[in-house]
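Input: a single structure, listed below in structure tokens.
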Amino acid sequence: MSEKKYETPLLDELEKGPWPSFIREIKQEAERPMVRDLLGVLERSYEEHIGHWKHGGLVGVMGYGGGVIGRYSDLPEEFPDVSEFHTFRVNQPAGWFYTSGALRDLCDIWDKHGSGLTNMHGSTGDIVFLGGKTTSIEPVFADLTEKGWDLGGSGSDMRTPSCCAGPARCEWANYDTLNACHEITQAYQDELHRPAFPYKFKLKFAGCPNDCVASVARADMSIIGTWKDEIQIDQEQVRAYAARGMDIEREIVELCPCDCISWDGQAMEIADGECVKCMHCINHMPKALRPGKERGAAILIGAKAPIVGGALLSSVFVPFLEMTPPYSDLRELIEAIWDFWGEHGKNRERVGEFIQRVGLGKFLEQIGLDPVPEMIAHPRSNPYIFFDDEIVAGAEA
Amino acid sequence: MSEKKYETPLLDELEKGPWPSFIREIKQEAERPMVRDLLGVLERSYEEHIGHWKHGGLVGVMGYGGGVIGRYSDLPEEFPDVSEFHTFRVNQPAGWFYTSGALRDLCDIWDKHGSGLTNMHGSTGDIVFLGGKTTSIEPVFADLTEKGWDLGGSGSDMRTPSCCAGPARCEWANYDTLNACHEITQAYQDELHRPAFPYKFKLKFAGCPNDCVASVARADMSIIGTWKDEIQIDQEQVRAYAARGMDIEREIVELCPCDCISWDGQAMEIADGECVKCMHCINHMPKALRPGKERGAAILIGAKAPIVGGALLSSVFVPFLEMTPPYSDLRELIEAIWDFWGEHGKNRERVGEFIQRVGLGKFLEQIGLDPVPEMIAHPRSNPYIFFDDEIVAGAEA
Amino acid sequence: MAVAGRKTDIGPPHYENFLPPVIKRNYGKWAYHEIPEPGVLVHVSESGEKLFTVRAGTPRILSIKTIRTFADLADKYADGYLRFTSRNNVEFLLSDEGKVFPLKTELGTLGYPVGGTGNAISAIVHTQGWVHCHSAASDASGVVKSLMDALYPRFTSMDLPAKLRVAFACCLNMCGAVHCSDIAVLGVHTRPPRIDHSELPKICEVPTLISSCPTGAIRPTTVDGKPSVEVEDGQCMYCGNCYTVCPAMKINNPKTDGISIWVGGKVSNARHEPMFSKLAIPFLPNNPPRWTEVVDAVVNIVDVYAKHARKHERMGEWIERIGWPRFFKLTGIPFTKYHIDDFTHAGETFRRSVHLKS
Amino acid sequence: MAVAGRKTDIGPPHYENFLPPVIKRNYGKWAYHEIPEPGVLVHVSESGEKLFTVRAGTPRILSIKTIRTFADLADKYADGYLRFTSRNNVEFLLSDEGKVFPLKTELGTLGYPVGGTGNAISAIVHTQGWVHCHSAASDASGVVKSLMDALYPRFTSMDLPAKLRVAFACCLNMCGAVHCSDIAVLGVHTRPPRIDHSELPKICEVPTLISSCPTGAIRPTTVDGKPSVEVEDGQCMYCGNCYTVCPAMKINNPKTDGISIWVGGKVSNARHEPMFSKLAIPFLPNNPPRWTEVVDAVVNIVDVYAKHARKHERMGEWIERIGWPRFFKLTGIPFTKYHIDDFTHAGETFRRSVHLKS
Ligand code: SRM
Ligand code: SRM
Ligand code: SRM
Ligand code: SRM
Ligand code: SF4
Ligand code: SF4
Ligand code: SF4
Ligand code: SF4
Ligand code: SF4
Ligand code: SF4
Ligand code: SF4
Ligand code: SF4
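Same order as they appear, the protein sequences are chains A, B, C and D.
24 is the number of the first residue of the first sequence in the working numbering; add one for each residue after it.
24 is the number of the first residue of the second sequence in the working numbering; add one for each residue after it.
3 is the number of the first residue of the third sequence in the working numbering; add one for each residue after it.
3 is the number of the first residue of the fourth sequence in the working numbering; add one for each residue after it.
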């Protein structure tokens, strides 16, 4: 354990300015040698314009394949206390709700075993414990489970699902995002902890098309709340918005992507059959407009970052699914996808890439879903059609 | 020469109905054995649901590589008079304008040497003489040139350019399409007649963005007239349209893709800076609106049918070019493209595919054009950027 | 290079030789046009002079007899001046308004319909088919004739919401603008080529053949000791490009060739940018001489469009507004897996949002 | 499978344990919300009950000391209830309106800015950078801190035309939603990996390595008798994926790593469908500790957007309306060949119409 303390003139610059400083956070834990070395190596990176971390052998909890990311310094002689600097992904509670007590439990554990530094939260949604030694892995895990916490995902497994505040703190939730997220997480603990897929599989639950968890961009399966029937209108409140000075014509009517709202100064009418449930009108008149009553979710699949085949947004898989516990329909879908992709997906091939390789049509056949035009922006313009025998069977007879 | 006459009960069905019948046309020439055999073999196709033509050895005019498409029957024993049934592509006059005398000249030639059947016109724009024997090729050519006609393109050459009626019969021509088409055709007679390119290269000239020759879909180079300054408005005529019952708000203002027209019942205003020159407003109020005065053309490149890499529409290459004879700027561009594509294009690779393979950025560098944002629908979202050394040169120093 | 002593490379005759005097006088000076009735255009010059155009449909395959008839009509009514359009209609160019009606009448008598202007279905741009091409999955002229017989009233009137451009091509080479038409009718092969292994080595180069295949389905092999190729059936999408470069790759198949229908393309820039046509019906049987299934399908799409689209809305603009799900619902066309693209850019055609109508 | 005798696979604690009573009572019954001032939300239930949320910015890297501070604040003002947002802000959940102002004041004193609601720039979603990741082309937290210092007034006010979401990722793996952000700041490598041929055979599988390369730039070779690989420089676009699967492919380069800026993405379905971010600036130097060039570039784009966009127009919607040429003109950013895509779907990004503004 080194007793060095480093000069960090470059990092110190980042303590200035109005936005809260991560350097101040790191320095707050600098009584720990590990954190002192972190400051040292980070200052070095700032001097040299290069990171000093590397991959290494797999580290993890006994019986799990995921949840800990192994990280090693490439300057272990100089910075021995960060020669091992792994992160733990701790599965956050649905919706990131905490009590002060729960947070203190987590702090106590990390105080005892690690750097004292965290990410609240990681981009996937986990609580991230930032920087622990290999020897601390089992103790951290024991203390976590003791207090009722468990690890999240990493590697080629189901990744920690996450969800928006939903019905807990939002008037627009079209289904219970927290419950669905929690139940799915619990249902697939094995898939979460023991990587057995071709690659990672992420699920995110958003209560409405505003998609406050960016599921359409970041989840292999995006479960996005929506409704089927009419937007609920409170005409009195509409008039109240107008009275308070809202230019309903300009701000609402003209910005509706479907051109399906009309407003005559007295009443607002929505041609619900044309509405694509974009949320714009509701977003800006929350007192007057609300989603319909026949609620559920659209299931989309396939989002991912660019590597290898290019970034993808999720695409419509089931236009509307009722979302009531125990979510049997959803689970059936998930399992059917995992089966087919699990068997035929290539190593490091996300499900979105897989679908593009085998063809959505064929994928649907395997999953047992009928193709519907809601799945596409438009039918193919490309005439390279792979015809099955049966399509011309009549003609051939 | 066979004397057979065939029963054609299936084809006869196509003499019925109000639309003029191609079967009647064919039968009109059926005193010729060749045409009788054509009817025979076509009836056979109708019975069997399959064509009976095949490619064969190259045929053509001495000194030319293009202009004649060799075609042979695959049933030469049964239909000897169409065992050879080649087509001639005769270069149409710009804009497809004729006098009765010119047409009679053509008829006389084809009467003497061929089937008496034509296409007025082929999809590329040529006058097509449909069905001649190999021995007729030189005589047809001699008679054609004697009367001032020449062959069009085929194979990997510049294909016969074509153009819309333009200033001859349209008020919206932003440049002289007929003149440009004629001059370019004449300038590149060698490239038209002697295939030396990687693949075909088509040019089409449209006088305005209505693109009445479908150049954006069918030409390796689409020269589409447009303007830079303000749409010319005759307010009196605008009011006259309104008075005659046109709902200017609904039919014009609301359909402008840029939302840049306003109309207060008295005067129409156009925010020309926002106008994308789509032509809609002008199309429907020809008496009141006219393109601006600063006229020229946008040059687009790369359209083609699907084979091999997928269909392409042309894309913007030069957003605005003045189009005055002798079209030196245009010719410089054309020649630069031919040089680069000619040297580096693969066999049967259209210029649009070539650009996608080498990258538009690199293509522009070679041609000597600066990239401008008008060339793209949007900048790349794909982060796989090939950086040149110089971009980071400063940082690297 | 031009051959010495021969008259070559003279190019087409100069268009000025063929322009009527009224055009020469008003070249580039047209002020506006009107369409007084279907098939008749009046272009008015800044000088006040007028040019009358009478447009008539033709079967595109024209015998020289018919061309001479047109020449005679031109002499009789139009001082000998006429032209053809980019959609193969014939146009007589009259300076005398009084001759418009007589010309129309005579054209009618001869069986050439006057129309195709304004918000109409103009002539169908098409290709060679069994009349002349080697890779045709269907006849061209016969399908087109059958279609135009059924669409005739749409040619001679102008009561559609907008122009409706129909195109036909007999194979995936798509000679024409099938890929950008309001309605495109496209001949398709649906089975891999049958290979004539004895002919192949004699007439084809194997490397060229292999590289002709867009999906890489063709592989080299040896048959009876001679170099040939084999086709990985599952990878072939029957484009016929191999047949174009090598006649031993027999792509035509009387039982399984047929016709597909595509909708919503356009090339003009009016309002909406140009668009590709999208698949509406993947396969209909080849049913000569009248192709009833194809005709019925097209007429149905036209009728639904005519009924539902707003004024000035082209097919593709209409569908974009109502959405593809409703297009399939209104037309009653079944949506199948074939409608979902599965080639290189397939992913770009998926719906990557929850903008969904109930 | 779970190991016997160990406590495993218990999953996260149930969220209900952490919900304040006011939420439990009104779960799923919220009627509407208001944003009385930046950083404060009031959710009103059908029952009339109210929930007050105070949102504050954090550096995301939190020490347990700070977390304890948050816990203390929660106890003091919010009966111990708090949450974090999907953009890493902390939110205190109050049932007592009277405690909103005191909490805000104390947060201010402690240096945690209250804001990020409504038409603001909320916290920047970001990644690990030099603090923890191996393939980072830049630090993450340092760039983000520098940016947020400059954008601070946009966090604490709500006077932008719409929400403006900024994201940062330190390499092309894009941990986050960089590819769909109003403004995305992305670390980029710009040189092919340097290969450590002695290490490679020991730690990497050559076939896996070869297949990791999106452009097929990696080829097998032998170096000093041992299997290794070589990189075809002209084909490498520096994504670093080979480095992720094989640490011997050194992608980090202190001289040539840098930062690119992307604009106009979004994920919500409000009005416009979700969109990818598009390249605005291909390369800016890595200039720690304050990344001045990057900060200036982002501030410029924000300012131009703030000045020109219409109410409710997200960055991408604004640019779509005015067109990319004008975006480059207004921001003064030079347009280069790098802006033109040249990968698989490049052609889809070309302008295939003459819809052009002068
Ligand atoms: C910690 C975290 C970033 C952060 O600072 O928050 C992270 C960090 C890493 N990501 Fe990530 N990713 C994190 C969220 C994401 C997200 C966002 C999300 O999940 O919502 C994405 C984009 C969405 C997606 O999955 O496509 C993401 C896309 C990637 C990729 C690209 C995957 C692809 O298919 O393109 C890789 C590369 C890989 O898997 O080899 C990657 C790989 C990595 C690795 C494991 C790289 C490596 O091999 O070392 C990083 C470990 C860094 C470390 O030191 O711990 N990370 N990664 C996030 C996880 C924390 C958590 O569990 O909450
Ligand atoms: C005659 C004509 C169709 C017609 O009935 O009008 C035609 C006929 C043929 N086309 Fe075409 N193309 C004709 C216009 C077109 C057009 C439209 C145009 O030029 O505006 C296209 C689409 C635009 C384009 O060029 O991409 C077109 C795209 C093709 C292709 C696909 C090229 C591609 O890059 O995808 C082929 C395939 C080939 O080149 O091998 C092709 C090949 C052929 C061949 C040569 C096939 C063959 O190898 O036999 C056909 C000869 C048929 C024959 O019996 O004469 N033809 N071809 C048209 C030429 C007449 C003329 O000169 O006026
Ligand atoms: C004669 C012809 C040009 C030629 O040189 O041959 C021509 C002539 C005229 N076109 Fe065209 N167009 C001609 C083919 C086209 C084509 C190409 C095609 O059909 O393959 C297009 C593009 C079609 C597409 O987008 O798919 C075309 C798109 C237009 C448009 C745009 C319509 C739209 O809303 O998209 C206009 C404007 C209008 O009519 O409102 C137009 C307008 C006109 C005007 C009014 C121009 C004028 O002032 O003279 C001419 C009479 C139109 C009419 O028939 O109603 N012309 N026009 C072509 C007649 C073809 C035919 O026989 O039917
Ligand atoms: C707390 C949070 C959800 C959570 O579970 O953590 C949340 C909460 C709310 N969002 Fe959100 N959104 C949250 C992340 C997002 C995201 C995801 C992201 O930023 O990565 C998006 C998608 C952003 C995008 O499109 O790129 C998002 C797009 C929206 C929208 C759509 C805005 C638009 O016009 O595009 C609304 C509606 C609005 O504000 O008009 C919205 C509205 C809301 C409302 C008003 C919902 C409600 O009634 O409670 C909440 C307060 C909004 C506010 O801050 O002004 N929320 N919201 C997230 C706060 C993040 C933060 O700390 O800043
Ligand atoms: S996604 Fe919808 S339901 Fe969920 S928090 Fe955002 S606005 Fe509310
Ligand atoms: S939700 Fe969107 S599409 Fe539906 S009416 Fe409101 S603004 Fe229009
Ligand atoms: S393209 Fe334009 S200029 Fe040419 S004929 Fe058509 S409308 Fe007239
Ligand atoms: S030409 Fe098109 S874009 Fe321009 S003002 Fe007219 S309708 Fe609008
Ligand atoms: S579309 Fe195909 S079959 Fe028809 S003429 Fe063109 S190449 Fe021949
Ligand atoms: S038909 Fe097309 S896809 Fe099939 S083998 Fe021939 S070239 Fe390849
Ligand atoms: S973006 Fe790249 S460098 Fe940054 S944390 Fe993710 S994998 Fe690591
Ligand atoms: S950095 Fe990317 S493109 Fe370059 S060799 Fe490695 S994997 Fe291939």
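Glycine included, C-beta positions come from ideal geometry on N, C-alpha and C.
Owing to the predicted nature of the structure, the values given are computational and were not obtained by experimental measurement.
Quick one: what does DSSP say residue i is sitting in, helix, strand or coil?
i              : result
E36 (chain D)  : strand
V261 (chain B) : helix
T111 (chain D) : helix
K50 (chain B)  : helix
C304 (chain B) : helix
Q115 (chain B) : coil
K359 (chain C) : coil
A164 (chain C) : coil
F409 (chain B) : coil
Y340 (chain C) : helix
G349 (chain D) : helix
E206 (chain B) : helix
I need the straight-line Cα distance from residue i to residue j, nearest angstrom please.
i              : j              : result
A420 (chain A) : M143 (chain B) : Low per-residue confidence applies at A420 (chain A): pLDDT is 41, beneath 50, and the placement is therefore not dependable, though the value from the model is reported in the following sentence. Using only the alpha carbons, I get a separation of about 39 Å.
C135 (chain D) : T60 (chain D)  : 21 Å
W364 (chain A) : I324 (chain A) : 12 Å
P348 (chain B) : L356 (chain B) : 15 Å
V233 (chain D) : E388 (chain B) : 25 Å
V42 (chain D)  : F54 (chain D)  : 7 Å
N370 (chain A) : M160 (chain D) : 46 Å
S200 (chain C) : V231 (chain C) : 11 Å
D235 (chain D) : P209 (chain D) : 19 Å
Using the beta-carbon of each residue, which ones in chain D are nearer than 9 Å to residue i?
i             : result
P56 (chain A) : The contacting residues do not exist; P56 (chain A) stays about 15 Å from chain D at best.
What does residue i reach in chain C if we use C-beta pairs closer than 8 Å?
i              : result
E350 (chain D) : H347 and E350
Output, in chain order, the set of chain A residues within a Cβ distance shorter than 9 Å of residue i.
i              : result
W326 (chain C) : P396, E397, I399, A400, H401 and P402
For residue i, go through chain A and note every residue whose CB falls closer than 7 Å to its CB, in chain order.
i              : result
I406 (chain B) : The sequence as given places Pro at residue 406 (chain B); Ile does not occur at that position. Those are P329, listed as they occur along chain A.
Applying a beta-carbon distance threshold of less than 9 Å, which residues of chain C neighbour residue i?
i              : result
C301 (chain B) : S270, N271, A272, R273, H274 and E275
Worksheet item: Going along the chain, which residues of the region 313 to 344 of chain B sit with their C-beta nearer than 8 Å to a C-beta in chain A?
Response: For the region 313 to 344 of chain B, the residues whose beta carbon sits under 8 Å from a beta carbon of chain A are, in order, P329, G333 and A334.
Item to complete: Count the CB pairs spanning the region 170 to 190 of chain A and the region 210 to 230 of chain D that are closer than 8 Å, and state whether there are at least three.
Response: Output reads no: the region 210 to 230 of chain D does not touch the region 170 to 190 of chain A.
Worksheet item: Okay, do the region 249 to 256 of chain A and the region 314 to 332 of chain A touch, 3+ Cβ pairs below 8 Å being the bar?
Response: yes
Practice prompt. Could you please tell me which residues of the region 129 to 158 of chain C, in chain order, have their CB closer than 7 Å to any CB of chain B?
Written response: Correct list: T129, W132, V133, H134, C135, H136, A138, D141, S143, G144, K147, M150, D151 and Y154.
Worksheet item: Just by C-beta distance, which residues in the region 257 to 281 of chain D are closer than 7 Å to chain C?
Response: Shown in chain order are the members of the region 257 to 281 of chain D whose Cβ falls below 7 Å from a Cβ of chain C: N271, E275 and P276.
Worksheet item: Using a beta-carbon distance cut-off of less than 7 Å, what residues from the region 225 to 245 of chain B approach chain C?
Response: P232, N233, D234, C235, V236, A237, V239, A240 and R241
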